[in-house]
Every structure is written in C-alpha cells, then in structure tokens.
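Residue numbers (the working numbering): 358 to 590.
Cβ coordinates follow ideal geometry from the N, Cα and C atoms, glycine included.
Here the structure is a predicted model, which is why all the values come from computation and not from measurement.
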Amino acid sequence: MARQLDEQIVGRFPVGKRLRVLDVGMGQGTQALRLARAGHQVTGLERDATMIAAARDALAGQPEGIRERMRIVEGDGRDTGVHFLPGSFDVVLCHGVLMYVEEPDPLLAGLARMLAPGGLLSLLVRNGDALALRPGLYGDWAGALAAFDTVQYTNRLGLHVRADRLSTLTAKLAGIGAPLHTWYGVRVFTDTAPDGAAPPDDLETLLAAEERAGRTDPYRGVAALLHLCGVRG
Numbered sequence: 358m359a360r361q362l363d364e365q366i367v368g369r370f371p372v373g374k375r376l377r378v379l380d381v382g383m384g385q386g387t388q389a390l391r392l393a394r395a396g397h398q399v400t401g402l403e404r405d406a407t408m409i410a411a412a413r414d415a416l417a418g419q420p421e422g423i424r425e426r427m428r429i430v431e432g433d434g435r436d437t438g439v440h441f442l443p444g445s446f447d448v449v450l451c452h453g454v455l456m457y458v459e460e461p462d463p464l465l466a467g468l469a470r471m472l473a474p475g476g477l478l479s480l481l482v483r484n485g486d487a488l489a490l491r492p493g494l495y496g497d498w499a500g501a502l503a504a505f506d507t508v509q510y511t512n513r514l515g516l517h518v519r520a521d522r523l524s525t526l527t528a529k530l531a532g533i534g535a536p537l538h539t540w541y542g543v544r545v546f547t548d549t550a551p552d553g554a555a556p557p558d559d560l561e562t563l564l565a566a567e568e569r570a571g572r573t574d575p576y577r578g579v580a581a582l583l584h585l586c587g588v589r590g
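#1: When you compare each of LYS529, LEU450, THR525 and ASP552 to LEU472 by their alpha carbons, which one comes out closest?
#2: In three-state DSSP terms, what is ALA473?
#3: Does the stretch 558-571 touch the stretch 508-520, meaning 3 or more C-beta pairs lie closer than 8 Å?
#4: Return helix, strand or coil for ILE533, following the three-state DSSP convention.
#5: Alpha carbon to alpha carbon, how far is ASP558 from GLY587? Give it in angstroms, no decimals.
#6: At the level of alpha carbons, what is the spacing between THR573 and VAL543?
#7: Return the first residue and the last residue of the beta strand (DSSP E) that THR400 is part of.
#8: Beta carbon of PRO474, beta carbon of ARG589: below 7 Å?
#9: Going straight from the alpha carbon of LEU416 to that of ALA499, what length do you get?
#10: So, at 6 Å on beta carbons, what are the nonlocal neighbours of LEU392 in its own chain, with the 5 sequence-adjacent residues on each side left out?
#11: Taking the Cβ atom as the reference point for each residue, do GLY434 and VAL454 lie within a distance shorter than 7 Å?
#12: Start and end of the beta strand (DSSP E) containing ASP486?
#13: Taking the runs of the alpha helix (DSSP H) that are 4 residues or longer, which of them lie wholly in the stretch 435-520?
#14: Quick one: what's THR539 bridged to in DSSP?
#15: Using the Cα positions of SER445 and LEU402, report the straight-line distance between them to the nearest angstrom.
#16: What did DSSP end up calling VAL367 once you bin it into helix, strand or coil?
#17: Among residues of its own chain, excluding the 5 on either side of THR527, which ones have a beta-carbon nearer than 6 Å to its beta-carbon?
#18: With a threshold of 16 other CB atoms inside 10 Å of the CB of ASN484, please say whether the residue is buried or exposed.
#19: Is it buried or exposed, SER524, if we count other Cβ atoms within 10 angstroms and call 16 or more buried?
#20: The ligand COA heavy atoms versus the CB of ALA520: any closer than 6 Å?
#21: Straight-line CA distance for ALA495 to GLU459?
#22: Using CA atoms only, rank isn't needed, just tell me which of ILE366, MET383 and ALA412 is closest to ARG375.
#23: Are the CB atoms of ARG394 and ILE429 nearer to each other than 7 Å?
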C-alpha cells in the first residue's frame with residue numbers, strides 16, 4: 358500500500374514539494390512517520406490512547422527534523438471540521454477506519470472538505486465484494502455462503518464491523534467532490550497468513566507478486582482490502 362500511495366503522490370505533485378498530509382485514524386503512526394521522513398508536513402489524528410502513546414514513542418526516537426514535521430492531534434475522524442480549516446491539506450489518508458464507522462457518509466464528506474483543490478484522498482477499506490473468499494479458503498462453507506449477502510463481518514479482533522463495495526464508494530466519492538482516480542487491491546494472496554507470521558525469506562518476491570496482483574484484473578477485485586484514491590476537483 359505504501360508503494361501504491363507513493364505512486365499516486367509522485368504522479369500528482371511536483372517533485373520535492375513538501376506536502377501537507379492529514380492521516381485520519383493514524384494508528385501507531387506507520388504511514389505518518391514514513392511520510393514525515395520523506396520530508397512532508399504530517400498531522401496524525403487518532404482517538405485511541407494506546408495508539409497515540411505508541412505513535413508518540415515512535416516519534417520520540419526520530420531525528421529533530423522529523424519530529425518538527427509531524428504533530429499528533431487527539432480526536433475523532435468525524436470531527437475534522439473542529440480541528441482543521443477546509444482545504445488545509447494536499448493529501449488526506451484514512452486507512453483501516455471506515456469498517457469501524459456504521460454510517461461513513463459524514464466522515465467521507467469531512468475528509469473531502471479537508472482537501473485543497475487537486476488534493477489526494479487515500480482510503481483503505483475492507484472489500485465488501487470479496488467477503489466470502491476468506492471463509493471459503495479456510496473451508497468454512499457456511500460462512501462463505503452467508504458472506505455473499507452482507508457487508509457485515511467479524512474481524513480477526515473479534516469485532517463486528519462492516520465492509521464497503523467498490524461501486525458504492527465510487528458513487529460516494531463522486532458525490533463529495535473527490536471522484537475516484539484509481540484503485541488497487543491489497544492482500545490478494547496473503548490474506549490467510551497467520552497474525553504475527555515471520556516474513557518469508559523471499560519477501561521481496563512476495564511483495565512484487567502482491568503489487569502486480571493489486572493493480573491487475575481480475576485479481577485486485579478479490580483482494581481482502583481495497584485502496585481507493587480520489588482527487589478533489
């Protein structure tokens with residue numbers, strides 16, 4: 358996903374431009390820190406105290422220049438209008454958040470309002486068109502059959518959450534003024550890997566295969582996750 362995001366940033370903005378980035382639901386700050394290291398001015402928005410502490414610990418170990426380029430704001434992604442002015446960011450990330458939001462429309466509209474004209478919106482969502490694949494690969498045939506008719510599922514943390522369909526999000530992005538520019542699949546081949554599994558010796562080959570599948574039909578359509586990139590008009 359980082360490679361996909363970099364591809365969109367390089368293709369959209371002048372080389373060397375220091376971008377204003379908002380990472381909504383930044384978690385432990387993996388993408389936010391990576392982009393701060395690349396020279397961008399990054400704001401991470403997160404409400405979970407444990408994640409905020411982890412992000413601050415990771416940031417504290419960085420050189421001063423990187424620490425100065427990143428700030429962490431405690432808050433809910435649905436309250437972006439409280440924390441920031443409209444059009445304040447060139448890039449807005451919202452990765453792994455929509456599945457926890459029962460009604461995503463207000464959140465999506467708020468994200469689009471944060472974008473400057475020509476800005477990039479990057480969403481990572483659970484693929485509602487492929488929910489039957491994981492239980493099917495595990496041999497859970499009843500679970501696979503049930504998954505065809507819903508966008509609700511139970512994640513690996515045991516939480517009851519929801520997925521998004523590509524067609525639905527495409528329409529929503531158009532409606533909020535940040536129409537879909539391109540999309541990728543994420544975790545096409547590796548979705549059934551156990552949590553905490555050690556990276557294989559041929560990790561680069563694995564990543565190359567995932568990256569190729571994530572941009573190639575029909576494989577990307579059955580990925581566990583979808584990476585959607587919209588552009589503010």
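According to the structure data:
#1: LEU450
#2: strand
#3: no
#4: coil
#5: 35 Å
#6: 11 Å
#7: 398-403
#8: yes
#9: 45 Å
#10: VAL378 and VAL399
#11: yes
#12: First-last for ASP486: undefined, no H or E at that position.
#13: 437-440, 462-471, 490-494 and 498-504
#14: CYS586
#15: 14 Å
#16: helix
#17: LEU537
#18: buried
#19: exposed
#20: The model depicted lacks the ligand COA and carries no ligand whatsoever.
#21: Per the sequence shown, residue 495 should be read as Tyr rather than Ala. Answer to the nearest angstrom: the Cα atoms are 27 Å apart.
#22: ILE366
#23: no
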